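Protein sequences, first through last, are from chains A and B. Position 46 of the first sequence, counting from 1, maps to 46 under this note's numbering, and the rest follow consecutively. Add 491 to the 1-based position in the second sequence for this note's numbering, that's all there is to it. Glycine included, C-beta positions come from ideal geometry on N, C-alpha and C. All values reported here derive from a predicted model rather than from experimental measurement. Beneath this line is the structure, given in structure tokens, with notes to follow.
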Amino acid sequence: MNNGEIIAELEKIVGDRYVSDEPEIQYLYHYDFITAEPEGKCDIAIMPETAEEVQEIVKIANKHKIPIVPWVSGINFGSIATPRKGGIVVDLRRMNHVLEVNEDDMYAVVEGGITWADFKGYFDKYHPDFRIGVTFSPPGTGVVPSCLAYGMWDLGMIGGTGAEFTNGLEVVLPTGELIRAGSCSLTDYWYGRQPLPDISGLFIGWEGTTGIVTKAAIKIWPKLPYRTDFLPFATRVEDGVPMLLKLSKAGLGIVDLLMTNMGWAQSLQCFDQKSVAIDPVSLGLPDFIGLITTEAYTEEQHKAQCDAIKKICREYNIEPLTADVQTRNFPKKMRGVLGHIFPVTGGQMPIQFWGCWNFARGGGGEWIGCYNTTRNIIKYYQISREICLKYGKSPQYYCRIMFGGHYCVTRTNVNFNKNDPEDIRKTRQILKEIHDAVQQLEGTIMYKPPKWVVQHYKDKTLPETNNLIERIKKFLDPNNIMNPGQGIGDD
Amino acid sequence: MVKEEKIKFVDGKGITRIETVPDQQKLDRHKDLEYYKDILYQCGKCGTCRTGYQEEGWFRVCPSGEFGKFEAYYLGGKNLLSWAVTSNRLDWTENLANIFYQCSVCLACTQQCQIPEIHYYAGEWLMAMREKAVQKGLGPMPEQKQYTDHVGKEFNPYMEKHKDRTNWITSNIKQSQDAKLAYFVGCTTSYREQKIAINTAEILNSLQVDFKILKEEYCCGSPVYMTGQTEKAKQIAETNVNIFKNEGIEKIITSCAGCYRTLKETYPKKFGLDHGIEILHLPEFILEKLNNNEVKFNNNVNMNITYHDPCHIGRHMGIFEPPREVLKNIPGINLMEMPRNKQNAWCCGSGGGVRSAFKDLSNFAANERIEEAKETTAEAIVSCCPFCLNQFKANIKDGEIKTFDLSELINKAIKS
């Protein structure tokens, strides 16, 4: 590839200030700087400002048949924005605006490069009676990539994944055409994906291999006046999960319903190495930490909801303490992030997931994170716990009940010291072992899968389905330029 | 207001506060790059450093990143580039040095990061990278080299003659040659913002404080030190400390944020020159007098103002409240805060050698701040740093907003 010739063409589109093939600029796109996945290679980085500029960039990539990788922050646990086959990284960070907020139909139209910090900052300032769902991921990460890769957030119980919060998309296809999906394809309103054929599915779950999303409509939510965050503890995960599942089917205005084990909670304290316990359970600490967030429109409604939640918790002999009361009881050393993700205790998500979560501050971490049937919650934890302890890693488990209890997320994180090659090697081994073991549970499907997991799914998927996926990918991206080497459509 | 009426639960202030993080690794400050290299990998370039998270709103805080756009210009990128060169993943190049110099070292980024070592110490390795760039012959930038050469000859970076340094002194300013207290004027004030010097001297006269201007006052060394030229800056510092000793100085008042930081922090802690002299910035000195009922404000200064925190006394030295306290005591002053204030203040874009070497970035930062000030509807931006003042003056268009140094308002209020 003659970089000079291509750069000259790209500079005509965005100006020389926003194109670079300098090693110091490229270096920060080679690798995600978090996971244990191998480095990739960025040849040219470019920052467009408009959809039209994205179209022109894609046309050049097609002309030269060079890979092109959509990018916002490059942080996800599958390393799916790491350029695997070189080429142009299209960094969308200049496209970071909220374009429209429709309070009546409750959605916001945003550009493809907007971050959670920008999105939340905008809503706090201009639409304080509404809120967006926010994630555990750092505020500097991308909203639209999260939606496209089935990320989820603190409204997951009422709205499902980010994909389900997505009303419509504007996309530059791998061949350069600009299309829209959803109601926005034929009206000025972006209220939903119904009732036309839902072509959003051509871009959701494809890991950026079928187009570059330049605009998306995301559902927003009213801030109801009454809210309580319960933070109940139980001795074992097995004790608390049945309670969560019962709560998930009881209505009660629950907007967020999740649990972590003590290992995860401990990692959120940002301790240093000498202050962490590999297995906090062995110290007699409770291993189930639940979070139940309920919201209501009236005081009476809220009281009734809270009373019912407390009643269900107590049926399982679990004391339904609220987050402010529970965290007040924490030893001073443990008043880290956990006490500060709730409004009532002074926090606000998104949190700096990485700074707070990088267990013992090794700077590295990766997960086996799966969508799952709720039947697997406990088994998944038991399997991953055993493997983590075998390798001397603290088991960190997290489960969120999604969309009124229709499914869930189960996730085991493994942290490591990214300055230590041996720890990286060990981490890769642990991840593989956990992945292989939890795959024995029917219903477990990893999201944001790294390349080595994708092949596993292709092997398990019905051949005809695989064939259809590959045909769609080839139809949309005949030159195979869009994020090659990633996603389930890659051959 | 609407929000408060309708919403019964109160949103938190922001992301996790750093003070809740236990057991951060205690490191020394002012060390070289080698000392910090094993911390750098902790950064995951998560982007938290780009934004401030306050009750007033969430907003971008990094002039370098917002101007340069590529990750390399934000703290996350700089952390990882530092890691890359210290672990031989990348080579030192002119371009790498250039990236590190395109930063005013305002440290707004470090305030946001919640990884304790980065929060507390990233400023140290940003400076250590500049120091290393100089050792490699890749720094400072040509314009910075030019002014450094002039500091060597005429003891100021403004291409002015040393003999003209005290031209601002008028006959009505009373000095006491026996005074143990010196007013260290600084280069920017001496040559570019002389009104600050006159106001400061008049304030001291009004308060009947015995003081003197040093017979020989040289550049404090800040513009040399901040561009990584540690050895040259240290030589300047040694000369100054000898002068202080020879003149029997026990206390120094500064009106320049850069001089204050350099004399108080850099001389003893980086250069090991423990001069034992009490260093006070003018607002600190005035506040002390106010608290002792030794200041009387005679005049009403009717004005809506907003206060701009200079990075070198604010984030670098923790002086946020004294200037505000002084302002609040001046009759007729109505202080209207900008959303980005105190630890999260947006830098004016003049420090760290940026104004001399990277004009576009410098002007971008200044204009962003001026717009923010205008949004408060204040009549004037007030600061207590001649470099900030000079930067605002250079960038304010058509009198869209006024700008003053705090000394001018104090002097107006104090004059009988």
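{"query": "Nearest-angstrom Cα separation, counted from A/I68 out to A/N483", "result": "6 Å"}
{"query": "B/I810 versus B/I804: straight-line alpha-carbon distance, rounded", "result": "5 Å"}
{"query": "Reference B/L698; option with closest CA among B/C711, B/F788, B/E645, B/V625", "result": "B/F788"}
{"query": "Straight-line gap, A/V414 to B/A724 (C-alpha atoms, nearest Å)", "result": "46 Å"}
{"query": "Outcome for B/M829 when other beta-carbon atoms lying within 10 angstroms are tallied against a minimum of 16", "result": "buried"}
{"query": "Three-way DSSP call (helix, strand, coil) for B/E792 in this model", "result": "It is Val, not Glu, that sits at residue 792 of chain B in the sequence shown. Correct three-state label for B/V792: coil."}
{"query": "Member of A/Q382, A/M243, A/K448 whose CA lies at the smallest distance from the CA of A/L231", "result": "A/M243"}
{"query": "Listed by chain order, chain B residues near A/I132 by CB distance under 9 Å", "result": "Result: empty, since nearest Cβ-Cβ is about 12 Å, beyond 9 Å."}
{"query": "Residues near B/T730 in its chain [Cβ-Cβ closer than 8 Å; skip 5 each side]", "result": "Y709"}
{"query": "Cut-off 6 Å between Cβ atoms - residues of its own chain near B/M808, not counting five sequence neighbours on either side", "result": "R752"}
{"query": "Secondary structure of B/C543, DSSP reduced to three states", "result": "According to the sequence shown, residue 543 of chain B is Gly rather than Cys. Three-state result, B/G543: strand."}
{"query": "Residue-level contact to chain B via CB, A/K120, 8 Å cutoff", "result": "yes"}
{"query": "A/L99 beta carbon less than 8 Å from that of A/W71", "result": "no"}
{"query": "Distance between B/E816 and B/F895 (C-alpha atoms, nearest Å)", "result": "17 Å"}
{"query": "Length-filtered (4 minimum) alpha helix (DSSP H) runs lying within the region 8-43 of chain A", "result": "23-30"}
{"query": "Of the listed residues A/Y27, A/I220, A/Q455, A/I75, nearest to A/T35 (C-alpha basis)", "result": "A/I75"}
{"query": "Contact set for A/Y226: own chain, Cβ-Cβ below 8 Å, skip 5 residues either direction", "result": "E295, A296, Y297, T298, E299, Q301, H302"}
{"query": "Where B/T721 sits in the DSSP three-state scheme", "result": "helix"}
{"query": "Segment contact flag, the region 44-57 of chain A with the region 82-89 of chain A, C-beta cutoff 8 Å, min 3 pairs", "result": "yes"}
{"query": "Proximity test, Cβ basis, 8 Å: A/A304 and chain B", "result": "no"}
{"query": "Whole-Å CB distance - A/D239 paired with A/Y316, under 8 Å assumed", "result": "7 Å"}
{"query": "Beta-carbon separation (whole angstroms), B/P814 vs B/Y798, contact threshold 8 Å", "result": "6 Å"}
{"query": "Proximal residues to B/S667 (C-beta, below 8 Å), its chain only, five neighbours per side dropped", "result": "D701, F702, K703"}
{"query": "Chain B contacts from the region 282-301 of chain A (Cβ-Cβ distance under 7 Å)", "result": "none"}
{"query": "Contact between the region 158-171 of chain A and the region 377-384 of chain A (3+ Cβ pairs under 8 Å)", "result": "no"}
{"query": "B/I743 in three-state terms, based on DSSP", "result": "strand"}
{"query": "For B/Q637, the three-state DSSP class (helix, strand or coil)", "result": "helix"}
{"query": "Alpha-carbon spacing of A/S384 relative to A/V438, whole angstroms", "result": "8 Å"}
{"query": "Cutoff 8 Å: A/P23 Cβ touching any chain B Cβ", "result": "yes"}
{"query": "Segments of 4+ residues assigned as alpha helix (DSSP H) that fall wholly inside the region 106-141 of chain A", "result": "116-126"}
{"query": "Boundaries (first-last residue) of the beta strand (DSSP E) holding B/S874", "result": "871-874"}
{"query": "is_contact[A/M47, chain B] using C-beta, thresh 8 Å", "result": "yes"}
{"query": "Beta-bridge pairing of B/P830 - partner residues as DSSP gives them", "result": "Paired residue(s): none; B/P830 is not in a bridge."}
{"query": "Neighbouring residues, chain B, relative to A/K418 (Cβ below 7 Å)", "result": "Y532"}
{"query": "Interface flag, B/F561 vs chain A, CB-CB below 8 Å", "result": "yes"}
{"query": "Nearest-angstrom Cβ-Cβ length linking B/K665 and B/N690, presumed shorter than 8 Å", "result": "With 8 Å as the limit, B/K665 and B/N690 do not qualify as a contact, their Cβ atoms being about 15 Å apart."}
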